[in-house]
Amino acid sequence: MAQVFVSIGSNQQRRKHIQAGITRLGQRLPDLLISPVYETAAVGFEGDPFLNLVIGFESDESPEALNEWFKAIEIEQGRQQGGKKFAPRTLDLDLLLYGDRVQAQQGLQLPRDEIEKYAFVLQPLADIVPDGVYPGRDQTFAEMWAAALAQGTMMPGQRIEWMPVTANDR
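The sequence shown: position 15 = 447 (the working numbering), numbered continuously.
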C-alpha cells in the first residue's frame, strides 16, 4: 500500500464543494488524514479566494486510477474539464504524492511540482506529515516549509476554523 497525498481546493461555494469531495473520498477510503484548512488568494487570475487543504490515505490503487477517480469527483461537483489552468474552481483534486514514486508520464507528474511552488500545498502537507520526505531528496516537508518561510519565497495562508468531516466522523 502506498501513502498518498492529495491537495483539495475550491473558490466557488467552497465549503459545500470541499465537504462533498471529502465525503465522496471517505466513502471509498475509510481512514483519511485531513490537514487544517487555509484561505489563500487566487493564483494566476483575479478571483475569489480559495480554501485549500491536503488529505492523506493509503491505497493499493494505481496513481492513474486514483487520478481518474478524482477527475470524476470534480465533474460531479460541477467542474468544467478542459478549461484554463488558472481559473475559478468548484473543486480541484490534485494527486501530490504516491509513496516515493517519481514519474512524469501518462498525464501525471509525481511528486507534483506545486509542492515546491505554492504555500497552499506545502503548508498543509507539512502540517499533516512534517517528517515525510520529498521523493528524491533528503528534505522533510517541515524543513521545506521552514526554508520557504525563511527565504520569503512563500507566504502562509490564513488558517480557518473549519474542519471538513468524513463519514467516519459522523
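Where is the CB? At the ideal position from N, CA and C, for every residue including glycine. As the structure is a computational prediction, the values presented were derived from the model and not from experiment.
Return the Cβ separation of residue i and residue j in integer angstroms, given the expectation that the two are a contact with Cβ distance under 8 Å.
i      : j      : result
Asp524 : Ser467 : No, Asp524 and Ser467 are not in contact; Cβ-Cβ is about 15 Å, not under 8 Å.
Pro495 : Leu542 : 6 Å
Leu464 : Ile487 : 5 Å
Relative to the alpha-carbon of residue i, which residue among the options has its alpha-carbon at the smallest distance?
i      : options                        : result
Val469 : Ala582, Gly479, Gln451, Gln459 : Gln451
Phe489 : Val475, Leu528, Thr522, Ala473 : Leu528
Lys549 : Val565, Ile560, Arg521, Leu581 : Leu581
Pro425 : Leu483, Thr472, Glu506, Asn499 : Residue numbering for the chain in the displayed model covers 433 to 602; residue 425 lies beyond these limits and cannot be assessed.
Tyr530 : Tyr566, Glu506, Thr522, Gln509 : Tyr566
Gly539 : Pro462, Glu500, Glu508, Val561 : Glu500
Ile507 : Gly568, Leu485, Ala497, Thr522 : Thr522
Lys503 : Gln537, Glu471, Leu457         : Leu457
Asp563 : Leu554, Glu575, Gln555         : Glu575
Which residue marks the beginning of the beta strand (DSSP E) containing residue i, and which one marks its end?
i      : result
Gly441 : 434-442
Gly458 : Careful: Gly458 lies outside any beta strand (DSSP E), inside the alpha helix (DSSP H) at 446-460.
Ala497 : Counting along the chain, Ala497 falls outside any beta strand (DSSP E), though it belongs to the alpha helix (DSSP H) covering 495-508.
Gln537 : 535-537
Val486 : 482-491
Leu529 : 524-530
Tyr470 : 469-472
Leu542 : 540-542
How is the alpha helix (DSSP H) around residue i delimited, first residue to last?
i      : result
Asp559 : 551-560
Glu575 : 573-583
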